[in-house]
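Take a look at the structure set out below.
Numbering (the numbering used here), first residue to last: -14 to 358.
Below, the structure is given as structure tokens:
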């Protein structure tokens, strides 16, 4: 009867989830709009930055400088007057404003080292930091080429053969989309199982379960497989239709292998959700616990910054977290096309961590199930 009970209890969880519109909307949002927005809305690289130019020289050199700024790094420059420059920047219309002074070309040819003023809106920190260097490079290149009448073709002292693997176009959203996708898998699996347990307490259905011929193991296992199946199914659809389809992120490895690793990861994280659900007495308390757990998991797992840049102690401690191994597994399969011979250590680690978390959560669940009624 164990398998039959677990099956029926899991089906009950799926029906309860379908009757919870907030959770259904959260699942859809997390695997669609959230991934798209995170990948495209906050670029770390310079992209279509608004720029205005005050051309007080009206010379051949100043016209050349104006023509040097074009998409996709910058928007087409807007020619303005000096009186408009501060007002436009105060209004947030321009991230960069260049002021080319009168007699600029004549002073350059005479070797007087004239000054160009560059105003930067530093509230747009990412674009301001990156764009400042781009603008200096563009100005220096155009002025040198104008003075020399031709671009320099001097041979460099070495020949650097640059090979960019796995992301030849250096598209930032390839990385952001997959990492947000991975973090949402972790987040939803914990939220759904913890919320399912707390929902039993709030609706008073725990009392019904206690008088049924089912064991705590069967109750917990039913919640784990049902919520894991929901997240796994939603993740598969998101990977194919959102990441590969809408965002056009190339997936190098086997999707089936990745989903197998995801299933192991979900075994661990759904068990963690049950554990947190036994600690929290209400949904507000559960939300506070999630903040304490999810933020460190996501920030220190290697999805935001490389683990090698973290202190060694943090790297060692985070080996006990399931999403640390899941991030390594996902990056290896989805980015680099790794096979089972490469990612088997992560599979073993996820299986061991999942078993430990399931055992701890089951012990805690057996201890507290009587008080939940």
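Glycine included, each C-beta is placed from N, C-alpha and C at the ideal position.
Could you tell me whether the Cβ atoms of residue 58 and residue 37 are closer together than 8 Å? The answer is no: Cβ separation not under 8 Å.
On the three-state DSSP scale, how would you describe residue 180? helix
Would you say residue 111 and residue 79 are within 8 Å of each other, going by their C-beta atoms? no
Within this structure, are the beta carbons of residue 166 and residue 20 separated by less than 8 Å? yes
Out of 41, 17, 250, 129, which has the shortest C-alpha to C-alpha gap to residue 93? 129
Check residue 36 in the structure and name its three-state DSSP category. strand
If you run the structure through DSSP and keep just helix, strand and coil, what is residue 63? strand
Beta-carbon spacing of residue 288, residue 312 below 8 Å: yes
C-beta contact flag for residue 88 and residue 42 at 8 Å: yes
So for residue 81, helix, strand or coil by DSSP? strand
Please classify residue 278 as buried or exposed, where buried requires at least 16 other C-beta atoms within 10 Å of its C-beta. buried
Across which residues does DSSP place residue 105 in a beta bridge pair? 81
Grab me the residues of residue -1's own chain with a C-beta within less than 6 Å of its C-beta, minus the 5 sequence neighbours each way, in chain order. Answer for residue -1: 211, listed in chain order.
When the Cα atoms are used, what is the spatial distance from residue 336 to residue 251? 10 Å
Residue -10 versus residue 207: straight-line alpha-carbon distance, rounded: 8 Å
What is the rounded straight-line gap between the Cα of residue 77 and the Cα of residue 70? 11 Å
Report yes or no: do three or more beta-carbon pairs, one from the region 216 to 233 and one from the region 283 to 298, lie closer than 8 Å? The region 216 to 233, when compared against the region 283 to 298, does not touch it at the 8 Å Cβ threshold.
Specify whether the region 230 to 248 and the region 310 to 327 touch according to this definition: at least 3 beta carbon pairs, one from each stretch, less than 8 Å apart. yes
Taking only runs of the alpha helix (DSSP H) that begin and end inside the region 227 to 288, which ones reach a length of at least 4 residues, in chain order? 240 to 264, 268 to 285
Residue 238 versus residue 307: straight-line alpha-carbon distance, rounded: 21 Å
So the alpha helix (DSSP H) residue 298 belongs to, where does it begin and stop? Start and end: 297 to 302.
Which residues bound the alpha helix (DSSP H) around residue 9? Counted as a single uninterrupted DSSP element, the alpha helix (DSSP H) harbouring residue 9 occupies residues 6 to 15.
Could you work out which residue in 56, 236, 285 is closest to residue 405 when comparing CA atoms only? The chain is shown from -14 up to 358; residue 405 falls before or after that span and cannot be answered.
What are the boundary residues of the alpha helix (DSSP H) that includes residue 149? Run containing residue 149: none; DSSP gives neither H nor E here.
Considering only C-alpha positions, which residue in the set 345, 285, 32 is nearest to residue 255? 345
With a Cβ-Cβ cutoff of 8 Å, do residue 359 and residue 354 count as a contact? Nothing about residue 359 can be read from this structure; the chain reaches only from -14 to 358.
Measure the Cβ-Cβ separation of residue 24 and residue 162 and say whether it is below 8 Å. Yes, Cβ-Cβ distance for residue 24 and residue 162 is below 8 Å.
Residue environment, residue 47, which counts as buried when at least 16 other CB atoms sit within 10 Å: buried
DSSP three-state label for residue 42, please. coil
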